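*Asks:* Taken in sequence, the protein lines are chains A and B. So that you can map any letter, position 231 of the first sequence is 231 in this note's numbering, and since no number is skipped, the others follow by simple counting. So that you can map any letter, position 35 of the second sequence is 1035 in this note's numbering, and since no number is skipped, the others follow by simple counting.
Number of protein chains: 2
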Amino acid sequence: MDTQRRGTRAGEPGASGRPGARAVPPATVARLPGYLRALRGLTADGVVTTSSDELAGGAGVTPAQLRKDLSFLGSYGRRGVGYDVGHLSEQIAVVLGLTTQRSVVIVGIGNLGHALASYSVFAERGFAVVGLVDADPAVVGTTVAGLVVQPPDELASLVSGSDATIGIIATPASVAQDVCDALVAAGVVGILTFAPRALRVPPTVDLRAVDVASELQILAFHDRRRTGTGA
Amino acid sequence: MDTQRRGTRAGEPGASGRPGARAVPPATVARLPGYLRALRGLTADGVVTTSSDELAGGAGVTPAQLRKDLSFLGSYGRRGVGYDVGHLSEQIAVVLGLTTQRSVVIVGIGNLGHALASYSVFAERGFAVVGLVDADPAVVGTTVAGLVVQPPDELASLVSGSDATIGIIATPASVAQDVCDALVAAGVVGILTFAPRALRVPPTVDLRAVDVASELQILAFHDRRRTGTGA
DNA sequence: TAGATTGTTAATCGATTAACAATC
DNA sequence: TAGATTGTTAATCGATTAACAATC
Chain A
1 MDTQRRGTRA
11 GEPGASGRPG
21 ARAVPPATVA
31 RLPGYLRALR
41 GLTADGVVTT
51 SSDELAGGAG
61 VTPAQLRKDL
71 SFLGSYGRRG
81 VGYDVGHLSE
91 QIAVVLGLTT
101 QRSVVIVGIG
111 NLGHALASYS
121 VFAERGFAVV
131 GLVDADPAVV
141 GTTVAGLVVQ
151 PPDELASLVS
161 GSDATIGIIA
171 TPASVAQDVC
181 DALVAAGVVG
191 ILTFAPRALR
201 VPPTVDLRAV
211 DVASELQILA
221 FHDRRRTGTG
231 A
Chain B
1001 MDTQRRGTRA
1011 GEPGASGRPG
1021 ARAVPPATVA
1031 RLPGYLRALR
1041 GLTADGVVTT
1051 SSDELAGGAG
1061 VTPAQLRKDL
1071 SFLGSYGRRG
1081 VGYDVGHLSE
1091 QIAVVLGLTT
1101 QRSVVIVGIG
1111 NLGHALASYS
1121 VFAERGFAVV
1131 GLVDADPAVV
1141 GTTVAGLVVQ
1151 PPDELASLVS
1161 GSDATIGIIA
1171 TPASVAQDVC
1181 DALVAAGVVG
1191 ILTFAPRALR
1201 VPPTVDLRAV
1211 DVASELQILA
1221 FHDRRRTGTG
1231 A
């Protein structure tokens, strides 16, 4: 998204943990979760060994692209044989930093924030939602997905007290930058925003933006070309 | 999503409506909604004329990038002066195909589908949610955001009856491909999926995928590099 | 005219694709 | 050994950046 694609930062090349490892390009990093997803599917089906052809099919990319991407992580396949599903999953998880559970705080508990707080896929993929914050007094104090919603002035202690490193912004656009600044001040290192507005973060903080209305507008562009309406 | 970037299709080059107009590159198309958003903000502030510097600042890109992108649409600025906010907004809306209202059907009315059905930004940006579908008998018949949820076998007539051209998939991953096939069969030309699974569509249908758990995993990659955990 | 700012060109950079030698 | 499949190299392609001539 892409996508967005908006918001991906390159990262410091050569700063990888393993000595001698090449830097992983941003476009490759963005596809790794998809490979992990496909590998989990194979595991569930009892598949032990897979090929770049099969795995690429499951992830929706070409075999060449898959092999090229994996080559940045190291040599985890065997020529003439393929990849061990379990081992490759593990290696990708290590590269993505999923061996440690990450804690997440969500700000803005409207319809979307509520849905995200209840989203079971987060837990399945190694993320724990540990805090919810909203500015509306009618929402503060209610329980959502097993957590009591806190007021904005509790944000800092919530983040530091839980060692949360990632913040999710699900507020109206009008307050998104203020929330973003507060999350940065509280010490998160990554932010995922759903607010339809460009946000500024310091270079030390990683920002990714999902704008669902923009996604529809991008679809409309192709729609227009097909139906001929518009120009 | 890198759409996810993932999922953008190039479109037929040269198939644009205006004769002599160059094809608009996918990366540029993906940024146009952001420019439109920034322009609307300027309009709200009463700004009549803007510069590539100001507009780029509002959209979170560089002035060079903005000018390069706009150059694919035509020459809508005046050298030495800048851009007319209203006129430029209009031109971008035309290019994106937003002069016609697009109708949208949402399949999967769980927490996320509910939030999307109630998302007011869709209407503000020219999209009308005209139908909701869910497979759960306990959900079918309930009213969400002013619409009565329909059973799956009503999908085809719902799409054709409303001239919906875009479908949104907010179901569990396990049924996403079946829903996708049904939407394609029903005649939509664009699909936005939130299900964490690679989907196959015919080349005539445009697919964009948003995977919020993958977004967190991409953030975790940079988090790892910063905290040193993982490798 | 002088200053400002666009639109375009050229240079750089990164990502994708294709082909094949290495090797299991 | 013969067949299969990876990992890598080279070629292509597209996107970004920077500089500046055109022009308001």
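Where a beta carbon is used, it is the ideal one built from N, C-alpha and C, also for glycine. Since the structure is predicted, the reported quantities are computational estimates derived from the model, not experimental observations.
Which residues share a DSSP beta bridge with D1223/B?
*Replies:* For the purposes of this step, residue 1223/B is identified with residue 223 of the second sequence, where counting begins at 1. Paired residue(s): none; D1223/B is not in a bridge.
*Asks:* Where are the beta strand (DSSP E) runs, 3 residues long or more, that stay fully inside the region 15–88 of chain A, in chain order?
*Replies:* Listed in chain order, they are 82–84.
*Asks:* Report all residues from its chain with a CB closer than 6 Å to the CB of V210/A; omit the five preceding and five following residues, and keep chain order.
*Replies:* On the first sequence, residue 210/A is found 210 positions in, with the first residue counted as 1. Contacts found: F194.
*Asks:* For G1050/B, count neighbouring C-beta atoms within 10 Å of its own C-beta (all shown protein chains included) and say buried if the count is 16 or more, exposed if not.
*Replies:* Translated into positions along the second sequence, residue 1050/B becomes position 50. Sequence check: residue 1050/B is Thr here, not Gly. Buried is the call here.
*Asks:* Helix, strand or coil: which one does DSSP assign to Q315/A?
*Replies:* The question about residue 315/A has no answer, for chain A in this structure spans 1 to 231.
*Asks:* Can you tell me where the alpha helix (DSSP H) with S233/A in it begins and where it stops?
*Replies:* Since the first residue of chain A shown is 1 and the last is 231, residue 233/A is not available in this structure.
*Asks:* Under 8 Å between beta-carbons, which chain B residues line up against F72/A? List them in chain order, please.
*Replies:* As a working mapping, residue 72/A is identified with position 72 in the first sequence. Within 8 Å Cβ-Cβ: nothing; F72/A doesn't reach chain B, min ~12 Å.
*Asks:* In chain B, which residues lie with their C-beta within 8 Å of the C-beta of I166/A?
*Replies:* As a position in the first sequence, residue 166/A is number 166, starting the count at 1. Here the neighbours are L1216, L1219, A1220 and D1223.
*Asks:* Check each candidate in V1024/B, A1023/B and L1207/B and name the one with the smallest Cα separation from I1166/B.
*Replies:* Counted from its first residue, the second sequence places residue 1166/B at position 166. Ranking V1024/B, A1023/B and L1207/B by Cα distance to I1166/B puts L1207/B first.
*Asks:* Taking the alpha carbon of L1273/B as the point to measure from, which residue in S1118/B, T1142/B, D1084/B and V1133/B has its own alpha carbon closest?
*Replies:* Coverage of chain B is limited to positions 1001 through 1231, which leaves residue 1273/B absent and any answer about it impossible.
*Asks:* Give a yes or no on whether the C-beta atoms belonging to G1060/B and L1070/B are separated by under 9 Å.
*Replies:* Residue numbering aside, residue 1060/B sits at position 60 when the second sequence is read from its first letter. Residue numbering aside, residue 1070/B sits at position 70 when the second sequence is read from its first letter. It is not a contact, given that the beta carbons lie outside the stated cut-off.
*Asks:* Considering Cα atoms alone, identify which of R224/A, V121/A, D163/A and T28/A is closest to N1111/B.
*Replies:* Position 111 of the second sequence, counted from the first residue, corresponds to residue 1111/B. Restricting attention to R224/A, V121/A, D163/A and T28/A, the CA atom closest to the CA of N1111/B is found in V121/A.
*Asks:* What's the gap between the Cα of R1079/B and the Cα of V94/A?
*Replies:* Sequence index remark: in the second sequence, residue 1079/B carries index 79 (1-based). Sequence index remark: in the first sequence, residue 94/A carries index 94 (1-based). Computed Cα separation, rounded: 52 Å.
*Asks:* Along the chain, where does the alpha helix (DSSP H) that runs through L155/A open and close?
*Replies:* Here residue 155/A corresponds to residue number 155 of the first sequence, with the count starting at 1. Taken as a continuous stretch (DSSP letters only), the alpha helix (DSSP H) holding L155/A covers L155 to S162.
*Asks:* In the DSSP output, which residue or residues are listed as bridge partners for S1103/B?
*Replies:* By one-based count along the second sequence, residue 1103/B stands at place 103. Answer by DSSP bridge pairing, in chain order: A1128/B.
*Asks:* So, V188/A versus V205/A, is the Cβ gap smaller than 9 Å?
*Replies:* The sequence position of residue 188/A within the first sequence is 188, counting from 1. The sequence position of residue 205/A within the first sequence is 205, counting from 1. At a Cβ-Cβ threshold of 9 Å, V188/A and V205/A count as neighbours.
*Asks:* Interface residues of chain A around R1037/B at Cβ under 9 Å?
*Replies:* Your numbering for residue 1037/B matches position 37 in the second sequence. The contacting residues are A173, P196, R197, A198, D211, A213 and S214.
*Asks:* Name the DSSP bridge partner or partners of V144/A?
*Replies:* Along the first sequence, one-based indexing puts residue 144/A at 144. DSSP lists L147/A as partners of V144/A.
*Asks:* Determine whether the Cβ of V189/A lies closer than 9 Å to any Cβ atom of chain B.
*Replies:* By one-based count along the first sequence, residue 189/A stands at place 189. Yes, V189/A counts as interfacial toward chain B.
*Asks:* Going by DSSP, what residue range makes up the beta strand (DSSP E) through A209/A?
*Replies:* To locate residue 209/A, count along the first sequence from 1; it is residue 209. First-last of the beta strand (DSSP E) with A209/A: D206 to A209.
*Asks:* Pick from V1130/B, Q1091/B, A1115/B and G1082/B: whose alpha carbon is nearest that of Q1234/B?
*Replies:* This structure does not reach residue 1234/B, given that chain B is present from 1001 up to 1231, and the question cannot be answered.
*Asks:* Excluding the 5 residues preceding and the 5 following T171/A in the sequence, name in chain order all residues of the same chain whose CB lies nearer than 7 Å to its CB.
*Replies:* Taking the first sequence and counting its residues from 1, the one referred to as residue 171/A is at position 171. Within the same chain, T171/A has close Cβ partners V107, G108, V179 and A195.
*Asks:* Applying a beta-carbon distance threshold of less than 9 Å, which residues of chain B neighbour D53/A?
*Replies:* Mapped onto the first sequence, residue 53/A falls at position 53. Residues of chain B whose Cβ lies closer than 9 Å to the Cβ of D53/A do not exist, since the nearest Cβ in that chain is about 15 Å away.
*Asks:* Thinking C-beta only, is V85/A closer than 9 Å to L39/A?
*Replies:* As a first step, residue 39/A is located in the first sequence; it is residue number 39 there, counting from the start. As a first step, residue 85/A is located in the first sequence; it is residue number 85 there, counting from the start. The answer is yes: Cβ separation under 9 Å.
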